[in-house]
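Reviewing the structure listed below.
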Amino acid sequence: MPEMAGHTNGGSGARDTVLAAEKLIYSYKAREGELPERVLDGIDLDVERGAFVAVLGHNGSGKSTLAKHFNAVLLPVGGRVLVGGMDTSDERRALDIRRAVGMVFQNPDNQIVASVVEEDVAFAPENLGCPSGDIRRRVDEALRVVGMSEYAGHSPHLLSGGQKQRVAIAGVLAMEPECIVFDEPTAMLDPRGRESIIRIIRRLCGELGVTVVLITHHMDEAIGADRLIVMSDGRIVMDGTPREIFGQPDALSAYGLDTPETVSLLRGLREDGFDVRLDALTVDECADAILAALSECH
Ligand SMILES: Nc1ncnc2c1ncn2[C@@H]1O[C@H](COP(=O)(O)OP(=O)(O)O)[C@@H](O)[C@H]1O
Ligand SMILES: [Mg+2]
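Heads up, the numbering used here is the position in the sequence shown plus 14, with the first residue counted as 1.
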């Protein structure tokens, strides 16, 4: 489905940056008598076209505030944010920016606006001025991608949490955005729902070329990302591949974060004197590391 892949203008630089924050500073309005607190305190970040970037950080570290800057829901107090080269503070580009960057939030119930699934999916493209003749195709295609075609005529309110979240993703996909920012999209789902959403996110990026920013507090969901960003107190404090970041459990712990279960398991085994490799991340790699260590024992 190439028509849903990245398709808008794009920069001419050697590195093709879709999202950029430059010295981004943000404070919410302070209550009377209080000084505004910097919730984002000088964020510099480039996200390359087609990348899958996961963002981790303790509660209140500024992840959601950063996410809202990427489609101009919030505007910087200092510095700037660029979407495909467009400055989010430029009101003339507001519609283009909202079309380029879709957002999916935690609670699927808050994202559903219509009483029939396909109408819900059509809502965003209709409101963002997509050509009306094109909307049917977009809705069908988006429902197909998230595996919800057979529910097109259903009421969204009777669906499971995971299914509702898939409908919410379809609504965003129907805009054919270049980039989708997911803000803890699995936080309210059961394990099956979580898995289905993560699988879809991987496909969006891997097969359709959509640039993905995934904010999550599940370390294992970040394993499949190309790049991992750790935020703490409004700053980016770590930035690397999942292997690099999860290889530093002490630093993560200082920022209030764990390692994925696979990494914790192997480290625990090593502490117990079992000579396992520590570089495994996925469950398969973890199993291989344990098997390799076992065969060494014999
Ligand atoms: N609408 C708001 N008004 C005032 N303060 C807010 C608002 N939203 C978030 N905050 C504060 O900004 C900080 C960062 O919040 P947030 O971006 O939601 O962090 P995260 O998503 O990492 O948990 C927190 O201290 C939070 O209390
Ligand atoms: Mg948040």
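Don't be surprised by glycine CBs; every beta carbon is placed ideally from N, CA and C.
> By Cβ distance, which residues of its chain are closer than 6 angstroms to G207, with the 5 residues on each side in sequence left out?
Replying inline: For the purposes of this step, residue 207 is identified with residue 193 of the sequence shown, where counting begins at 1. G175 and G176, listed in sequence order.
>> With DSSP as the reference, identify every bridge partner of I317, one or two as the case may be.
In response: Any property of residue 317 remains undetermined from this structure, which presents the chain solely from 15 to 312.
> So what does DSSP say about I183, is it helix, strand or coil?
Replying inline: Stepping through the sequence shown from its first residue, residue 183 is reached at position 169. Reduced to three states, the DSSP call for I183 is helix.
> In the structure shown, what three-state DSSP assignment does T96 receive?
Replying inline: Here residue 96 refers to the residue found at position 82 of the sequence shown. For the record, residue 96 in the displayed sequence is Leu; it is not Thr. In this structure, L96 counts as strand in the three-state DSSP scheme.
>> Any heavy atom of ligand 1 inside 8 angstroms of the beta-carbon of R92?
In response: Position 78 of the sequence shown, counted from the start, is the residue given in the question as residue 92. Looking at the sequence shown, residue 92 is not Arg but Gly. No, since every heavy atom of ligand 1 falls outside the 8 angstroms radius drawn around the Cβ of G92.
> Taking the alpha carbon of R63 as the point to measure from, which residue in L295, E192 and I237 has its own alpha carbon closest?
Replying inline: Residue mapping note: residue 63 aligns to position 49 of the sequence shown, counting from 1. Checking every option, the nearest Cα to that of R63 belongs to E192.
>> Check whether the stretch 112-119 and the stretch 251-266 are in contact - that is, three or more C-beta pairs closer than 8 angstroms.
In response: no
>> In the DSSP assignment, the beta strand (DSSP E) including A68 goes from what residue to what residue?
In response: Against the sequence shown, residue 68 aligns to sequence position 54. Residue range F66 to G71 is occupied by the beta strand (DSSP E) that includes A68.
> Sorry if obvious, but does the Cβ on E198 come closer than 8 angstroms to a heavy atom of ligand 2?
Replying inline: One-based indexing of the sequence shown puts residue 198 at position 184. Under cutoff, so the answer is yes.
>> At a cut-off of 8 angstroms, would you count S246 as near ligand 2, judging by its Cβ distance to the nearest heavy atom?
In response: As a first step, residue 246 must be located in the sequence shown, where it is residue number 232. No.
> Would you say the beta carbon of I57 comes nearer than 8 angstroms to a heavy atom of ligand 2?
Replying inline: The count along the sequence shown starts at 1 and reaches residue 57 at position 43. No, the beta carbon of I57 sits no closer than 8 angstroms to any heavy atom of ligand 2.
>> Please classify S210 as buried or exposed, where buried requires at least 16 other C-beta atoms within 10 Å of its C-beta.
In response: Here the question's residue 210 lines up with position 196 in the sequence shown. It counts as buried.
> Along the chain, where does the beta strand (DSSP E) that runs through V53 open and close?
Replying inline: As a first step, residue 53 must be located in the sequence shown, where it is residue number 39. R52 to E62 is the span of the beta strand (DSSP E), which, as asked, contains V53.
>> Measuring only from the beta carbon, is I229 closer than 8 angstroms to any heavy atom that is part of ligand 2?
In response: Residue 229 sits at position 215 when you count from the first residue of the sequence shown. Result yes, Cβ under 8 angstroms from ligand 2.
>> Using DSSP's beta-bridge definition, name the partner residues of V244.
In response: As a working mapping, residue 244 is identified with position 230 in the sequence shown. According to DSSP, V244 bridges with L70 and M252.
>> For Y40, list the residues DSSP reports as bridge partners.
In response: The sequence position of residue 40 within the sequence shown is 26, counting from 1. Y40 is bridged by DSSP to L54.
>> Cutting at 7 angstroms between CB atoms, please list the residues of its own chain near E310, excluding the five before and the five after it.
In response: As a position in the sequence shown, residue 310 is number 296, starting the count at 1. Counting only Cβ-Cβ distances below 7 angstroms, and skipping sequence neighbours, we find D289.
> Using the rule of at least 16 other Cβ atoms within 10 Å of the residue's Cβ for burial, across every protein chain shown, is Y165 buried or exposed?
Replying inline: Sequence index remark: in the sequence shown, residue 165 carries index 151 (1-based). Answer is buried; the Cβ neighbour count reaches 16.
> Using DSSP with H/G/I as helix, E/B as strand and the rest coil, what is A303?
Replying inline: Taking the sequence shown and counting its residues from 1, one reaches residue 303 at position 289. If DSSP states are grouped into helix, strand and coil, A303 belongs with the helices.
> Just curious, the alpha helix (DSSP H) that P263 is in, first and last residue?
Replying inline: Here residue 263 refers to the residue found at position 249 when the sequence shown is read from its first residue. First-last of the alpha helix (DSSP H) with P263: P263 to A268.
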